[in-house]
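S.K.: Start counting the sequence shown at 82; every next residue gets the next number (this note's numbering).
Backbone N, C-alpha and C define an ideal beta-carbon position, used for all residues, glycine too.
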Amino acid sequence: MSISIDNLIETIRKEAEKHYSDDPSHDWLHAERVCRMCMRICEKEGGDPKVLVAAALLHDVGVRYELEQGVDHSEKSVEIAEEILPRIGFPKDKISMVLEAISMHRFRKGVRAVSIESRILQDADRLDAMGAIGVARTFSHGGRRGIPMYSSSRDTGSTVDHFYEKLLKLKNSLNTETARRIAEERHAFMEMFLSRFLKEIEGEA
Ligand SMILES: [Fe+2]
Ligand SMILES: [Fe+2]
Numbered sequence: 082m083s084i085s086i087d088n089l090i091e092t093i094r095k096e097a098e099k100h101y102s103d104d105p106s107h108d109w110l111h112a113e114r115v116c117r118m119c120m121r122i123c124e125k126e127g128g129d130p131k132v133l134v135a136a137a138l139l140h141d142v143g144v145r146y147e148l149e150q151g152v153d154h155s156e157k158s159v160e161i162a163e164e165i166l167p168r169i170g171f172p173k174d175k176i177s178m179v180l181e182a183i184s185m186h187r188f189r190k191g192v193r194a195v196s197i198e199s200r201i202l203q204d205a206d207r208l209d210a211m212g213a214i215g216v217a218r219t220f221s222h223g224g225r226r227g228i229p230m231y232s233s234s235r236d237t238g239s240t241v242d243h244f245y246e247k248l249l250k251l252k253n254s255l256n257t258e259t260a261r262r263i264a265e266e267r268h269a270f271m272e273m274f275l276s277r278f279l280k281e282i283e284g285e286a
C-alpha cells in the first residue's frame, strides 16, 4: 500500500515540526507554504508530488542547528531526512531524489539544480522570499537579529539593503516558467512596498 499525499504530510509533520526553528522566517509555517507552492508549480511543470512534499517539508529542518552549532543547514536537513524517511515507510526508490532536492535548495550555494524536483523546490523557496510574505519574513528575520530596518548612510547592511542585495534579484534566478509568472506580481509588490516605505521614512507620504 502506498502512502497518500495527505498521510505523508501528516506523518512528516509529526516527525519534523519539533526540529523546526521558532524563527518566523524559517519555521514550520515556511515549510508548509513552500510545500503548497511546490504542488502548485508541479501541476504545471511535472515532477513527482511525493518527492516534492517530502523535500519541501524537510528542506529547512536543519536551520535550528545552523543557528545553534554553525553547521550548514541544507546538509543537516539531508541528514535528518535520511533518518526520518526510511522509518516512515517513504518509497525507498524515491529517497535519493528527496535528498538531492534538499541538498540543492540553498540560494548561497549558487548551484543550478538538475532534477525537476530540485528546480521546483528552489523556485518555491525563492518565491516565499518575495511578495508580502517576503516583506514580512525579512523584517521578522532582521528584527530578531537586531538589524536596523533601514540606514541613513545606505551602507550598513540594513533590512532595506537586503531587498536590493538579494530579494529584488530573485525573479531572475528562477528555474521554471510557472514560477517566473508567479514572481512577477510578487516582485512588483516588493517594489511598491519599498517606494512607499522610503517615502514614509522621509515624511513624504
Ligand atoms: Fe534553506
Ligand atoms: Fe526555505
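#1: Quick one: measure Cβ to Cβ for L248 and M211, integer angstroms, because I've assumed they're closer than 8 Å.
#2: What residue range is occupied by the uninterrupted alpha helix (DSSP H) comprising A252?
#3: Taking S158 as part of the alpha helix (DSSP H), name the residues at either end of that continuous run.
#4: If I measure Cβ to Cβ from R261 and keep anything under 6 Å in the same chain, skipping five residues before and after, which residues do I get?
#5: For my contact list, L138 and I90 are in at a C-beta cut-off of 8 Å; report their separation, rounded to the angstrom.
#6: Going by DSSP in three states, T219 sits in which element: helix, strand or coil?
#7: Assuming E181 contacts S155 under a Cβ cut-off of 8 Å, what Cβ separation, rounded to an integer in Å, is found between them?
#8: Would you mind giving the Cβ-Cβ distance between I201 and G143, rounded to the nearest angstrom? I have them listed as a contact below 8 Å.
#9: Just tell me which of R121, K280, S102 has its CA closest to the CA of V134.
#10: Looking at C-alpha atoms only, which residue of E147, A205, P167 is the closest neighbour of S158?
#11: Which same chain residues end up closer than 7 Å to A205 when comparing Cβ atoms and leaving out the 5 residues on each side of it in sequence?
#12: What separation, rounded to the nearest whole angstrom, lies between the Cα atoms of I282 and K99?
#13: Look at the alpha carbon of R207 and the alpha carbon of S232, and state the distance between them as a whole number of angstroms.
#14: Roughly how many angstroms separate the alpha carbons of S106 and K173, rounded to a whole number?
#15: At what residues does the alpha helix (DSSP H) containing E281 begin and finish?
#16: Comparing the CB of H154 with every heavy atom of ligand 1, is any distance shorter than 7 Å?
M.R.: The answer reads as follows:
#1: The residue you call residue 248 lines up with position 167 of the sequence shown. The residue you call residue 211 lines up with position 130 of the sequence shown. Contact flag correct, Cβ pair sits at about 6 Å.
#2: For this step, residue 252 is matched to residue 171 along the sequence shown. Before going further, note that residue 252 is Lys rather than Ala in the sequence given. Looking at the DSSP string, K252 is not in any alpha helix (DSSP H), and its letter there is neither H nor E.
#3: What you label residue 158 is simply residue 77 of the sequence shown in a count that begins at 1. Element bounds for S158: 154–168.
#4: For the purposes of this step, residue 261 is identified with residue 180 of the sequence shown, where counting begins at 1. Within the same chain, R261 has close Cβ partners L255.
#5: The count along the sequence shown starts at 1 and reaches residue 138 at position 57. The count along the sequence shown starts at 1 and reaches residue 90 at position 9. At roughly 7 Å, the Cβ-Cβ gap stays under 8 Å, so L138 and I90 are in contact.
#6: For the purposes of this step, residue 219 is taken as residue 138 along the sequence shown, with counting starting at 1. T219 falls in the helix class under three-state DSSP.
#7: Taking the first residue of the sequence shown as position 1, residue 181 is located at position 100. Taking the first residue of the sequence shown as position 1, residue 155 is located at position 74. Actually they are not in contact, since the Cβ atoms of E181 and S155 sit about 11 Å apart, beyond 8 Å.
#8: Along the sequence shown, one-based indexing puts residue 201 at 120. Along the sequence shown, one-based indexing puts residue 143 at 62. In fact, because the Cβ distance is near 20 Å, the residues do not count as touching under 8 Å.
#9: Residue mapping note: residue 134 aligns to position 53 of the sequence shown, counting from 1. Per the Cα distances, R121.
#10: The residue given as residue 158 occupies position 77 in the sequence shown. Of E147, A205, P167, the residue nearest in Cα terms is E147.
#11: For the purposes of this step, residue 205 is taken as residue 124 along the sequence shown, with counting starting at 1. Excluding positions up to five away in sequence, the list reads V115, M118, C119, I122, A137.
#12: The residue given as residue 282 occupies position 201 in the sequence shown. The residue given as residue 99 occupies position 18 in the sequence shown. One C-alpha to the other measures close to 39 Å.
#13: Taking the first residue of the sequence shown as 1, we reach residue 207 at position 126. Taking the first residue of the sequence shown as 1, we reach residue 232 at position 151. Using only the alpha carbons, I get a separation of about 25 Å.
#14: For this step, residue 106 is matched to residue 25 along the sequence shown. For this step, residue 173 is matched to residue 92 along the sequence shown. The straight-line gap from Cα to Cα measures roughly 31 Å.
#15: As a working note, residue 281 is residue 200 in the sequence shown. 258–282 is the extent of the alpha helix (DSSP H) around E281.
#16: Mapped onto the sequence shown, residue 154 falls at position 73. Flag set: Cβ of H154 near ligand 1.
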